Amino acid sequence: APFMDAAIQSVADGGLLAVTCTDMAALGGSHPETCYGRYGGFPIQRSGYLQELALRILLYHMSVVAGRYGRTIRPVLSVGMAFYCRVFVEVWDDKAGVNNLSLNHGHLFQSIRCSSFHITPVATNDFVTAQQRQNDDSSGNEKEENGNKGRGRKNKRNRPSNVYRNGRGPCDLGEPVCGETGGPYKLGGPLWTGPLHDLDVVHDAIARLEAA
């Protein structure tokens, strides 16, 4: 954590940064006050997703640090095991992408009586979400492509709103208590809600290992 600013600033545009954290006692929730002081996120103790939550808190911290310098991160591979976690991220000069940072951050609402939980975004933007969905859709269906092009024309009435709005909690989404047990929630985060991996890289690595 003390070297994160220098590390993120020193990487060339598009360069790869590998970060290893061995303080799982903090990130894993045994010392949540230490985790919040170092990484700005509060973990959930004894959760069934301890290592993933640790990775997402770490990536949240890295994305915030990068945003201070007009940079964004793109996780390539994230690994959590035993007493440590390690992430490999690309670092990009992307001031426009920093504006969308809040869309990849969220809060965790964990039921205190069962394993059910909700993750709610810090902010929403209908226009950016619509663009991301179009980019994620496969381009095999030509008819679907043509439909997307038509919807992409400058029609102010049909265009999604490009306004950043505050995210909503479970209460606003119609579930003020756990829908399974009726128990209250405890709050964790903020955390990174974007992808943990580049799946193309992961699949390629697995294929190379199997072929070796």
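Counted the way this note's numbering counts, the sequence shown spans residues 9 to 220.
The beta carbon of each residue, even a glycine, is placed where N, CA and C say it ideally should be.
In this text, all values refer to a predicted model and were calculated from it rather than measured experimentally.
From A213, V210, G187, H115, residue whose alpha carbon lies closest to that of G197: H115
Alpha carbon of L24 to alpha carbon of L204, nearest angstrom: L24 and L204 have their C-alpha atoms spaced approximately 15 Å apart.
Three-way DSSP call (helix, strand, coil) for C29 in this model: strand
Coarse secondary structure for D101, derived from DSSP in three states: strand
Close-in-space but distant-in-sequence residues of the same chain around R64 (CB under 6 Å, 5 per side omitted): So the list reads L199, W200, once near-sequence residues are dropped.
Nearest-angstrom Cα separation, counted from G36 out to F91: 9 Å
Cβ neighbours of V97 in the same chain (closer than 7 Å, five flanking residues each side left out): If we look at V97 and ignore the five residues flanking it on each side, its Cβ neighbours are L25, M70, I81, R82, P83, V84.
The region 176 to 188 / the region 120 to 138 touching (three or more Cβ pairs under 8 Å): yes
C-alpha distance - T189 paired with F117, whole-angstrom precision: 14 Å
Beta-carbon separation (whole angstroms), V27 vs R94, contact threshold 8 Å: 7 Å
Residue interval of the alpha helix (DSSP H) (run including F135): Counting along the chain, the alpha helix (DSSP H) containing F135 begins and ends at 134 to 144.
Opposing strand residues paired with P129 [DSSP bridges]: G114
is_contact[F117, chain C] using C-beta, thresh 8 Å: Going by chain labels, chain C is absent from the structure shown, which holds only one protein chain.
Under 8 Å between C-beta atoms of D21 and W100: yes
Close Cβ partners of A138 (< 6 Å) along its chain, the five nearest in sequence each way excluded: P168
Where L85 sits in the DSSP three-state scheme: strand
DSSP state of C93 mapped onto helix, strand, coil: DSSP places C93 in strand when its eight states are reduced to three.
T223 - partner residues in DSSP beta bridges: The question about residue 223 has no answer here: the residues shown for the chain are numbered 9 through 220.
Reference C29; option with closest CA among L109, D208, S86: S86
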